[in-house]
Every structure is written in C-alpha cells, then in structure tokens.
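K.L.:
Each residue of the sequence shown is one higher than the one before, starting from 778 at the first, in this note's numbering. For each residue, glycine too, the CB sits at the ideal point set by N, CA and C.
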Amino acid sequence: MREVKGRWRKEVQEERQRRELVEQELESERASMAEHERKIRAEGRAAAEKALAVAHAAAGSSYPELSVRQSLRRVPSTSSAGSSAIEEATASGILAASLLGGVGSASQNDLLTGSIIGGSSSGGMFGGAAGGMGGGMGTPLGYGASSGGGLLRPSAANAAAVEHLESLLRQKDGEIATHTARLAALESTRDSLAEELVKTTTQCESLRGEVSQLPGLKAELEAIRRRHASALELMGERDEQVEELRADLMDVKEMYREQIDMLVDQIQKLGKASASVAGH
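(1) Does the stretch 783 to 800 touch the stretch 960 to 975, meaning 3 or more C-beta pairs lie closer than 8 angstroms?
(2) For L946, does the count of other Cβ atoms within 10 angstroms reach 16, so buried, or fall short, so exposed?
(3) Rounded to a whole number of angstroms, what is the C-alpha to C-alpha distance between A1052 and D1025?
(4) Quick check on the burial criterion: 16 or more other C-beta atoms within 10 angstroms. Buried or exposed for R1002?
(5) In whole angstroms, what separates the C-alpha of Q790 from that of H1005?
(6) Could you name the residues of the same chain whose beta carbon sits closer than 8 angstroms to that of E997, not counting the 5 residues immediately before and after it, in chain order?
(7) Does the beta-carbon distance from L963 to V799 come in below 8 angstroms?
(8) Considering Q1045, what are the terminal residues of the alpha helix (DSSP H) in which it resides?
(9) Which word fits A824, buried or exposed, when buried means at least 16 other C-beta atoms lie within 10 angstroms of its C-beta?
(10) Just the C-alpha distance for S809 and K995, rounded to the nearest angstrom, thanks.
(11) So, for T957: in the same chain, excluding its five sequence neighbours on each side, which residues have a beta-carbon less than 7 angstroms away from its beta-carbon?
The structure is reproduced here in structure tokens:
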C-alpha cells in the first residue's frame, strides 16, 4: 500500500508539473501573439508612411498629412488584438486610398474615407468604399465618381504600394491564424491534462480511503498471527503427546512379546516333562 500510495503521489506531482508547463507555454504564446500584434501595427504604420511618401512623390499632391492622420483616428477601435491589427491595416488602406485620391476635392476624400471605414466594419476592407459611394469600382482600388463624372485611376506606383500593403496584411493574417491554431492546440492539451489530473486525483482519494482502513487490517493480521502462534504451540504439545504414546505402545509391545515368549518356553518345558513321565 505504501508503494501504491507513493507511486500515485508521484504521478499526481508529474501531472501538476506538466500542467504548469503547458500553462507557461500558453502564457508565452499569448505574450508572443501580443508582441506580434504590436509588430503588425508598427509595420502597418511604417507602410502607411511609405505609401504617403510614394503617393506624394508620384501624384505630386499637396494634400496635408494632418487630414490623413485625422482619417486614421476615425477608425473604430475594438477590444481584441486580432481586430486591432485588422483595423490598423484598414487604416493603412484608408491612408493609401486618401493619398491616391488627392487630386479630388477634400469633400470627396472625406466621403471615400468614411465609406472605407464603414466597409471595413461590416466585413470588407476596401469593398465598402465602392458600396458606400454608389458607383465606384468593385475592386480594392475602386473610387467614387469625381465632380467631373470620371473615375480616378491610381498610378502604377500607388497601385504597387497598395498591393504591397494588401500582401503584408495577408501575410500577417496567416501568421495570426497559425498562432491562433497553435494556441487552440495548447489549450486542448491543457484541458486533457486537467481531465487526467482530475482522474488521478480521484484515484488518489480512493487510495487514501483504502489506506485509512490499513490500521484495522493490521490489527486483524496481528490477531491472526497470535492465533497461529497458539495453534502452533498446541500442535507441538499434541506432537509430544503422540510421541509419548508411541513410546508407551512400543514398551507394551515388548512386554507382551516377552510374556508370550516366556509362556511358549513354559509350554515347551511342560510338554517335555510330560513326555518323559509318560516314557517311564
């Protein structure tokens, strides 16, 4: 029972250590995901600044940077880290779109920014811009009609900048999905270890209940040992008595044999004496 109890205690301790390791790994994974989200936001800001410089250089626009940053401030914030990264990338797209449409009027740029924000909050990053303006292109680079009725086409440099932003966003989304899957796997492992720990704890409790019965079993064992010792003593006494009876029986047999031999000798002597008397 001591060996079983010690073995189960060791297994429970190992399960607790494994659970602590899994929880530490989960915490490190969450910290790495948070760091990754901060990195994504920083890269999104850097890409937005790069797109700002490229758009100013390509289009020769004098659109003030302050209005662009005010457009970025209009992006609604969410509570989760993944949504924050997506909103940051959406803000980068708003920046590029506003720069690409810098040749239009300020009111058209504000309308484009508001439509893009509305589209990103409803599920599309840039598709909401076309739907919000009613007549724009159905692509991420579509814009609304200008005051002259024509569509504004981005230049090759601006298209490359926006494509770079979109590819960067897709890459970061893939990394987020990978980390999320790994976190889910670690949480599943933690749950299975928790269930195993519960089972092991239940078995340990049942073994403790059995161990609590050990003093009574020891008392019964001592009583049985005493009875066995008394039975052995009684058996020894009976063996001695049997040996004594066997010795007495052998003595009686010898005595009877001697008496029989003596009677046979007397009978023979009497027979010889009677024969000699009859001969005379």
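P.N.:
From the atom records:
(1) Enough Cβ pairs lie closer than 8 angstroms, so yes.
(2) The residue is buried, with at least 16 neighbouring Cβ atoms inside 10 Å.
(3) If you take the alpha carbons of A1052 and D1025, they lie about 41 angstroms apart.
(4) R1002 comes out exposed.
(5) In a straight line, the C-alpha of Q790 is about 42 angstroms away from that of H1005.
(6) So no residue of the chain qualifies.
(7) Taking the C-beta atoms as reference points, V799 is found nearer than 8 angstroms to L963.
(8) First-last of the alpha helix (DSSP H) with Q1045: L991 to G1056.
(9) Its Cβ being crowded by 16 or more others within 10 Å, A824 is buried.
(10) Distance between the alpha carbons of S809 and K995: 57 angstroms.
(11) Sequence-distant partners of T957 (beyond 5 residues in either direction) whose C-beta falls short of 7 angstroms from its own C-beta are missing from its chain.
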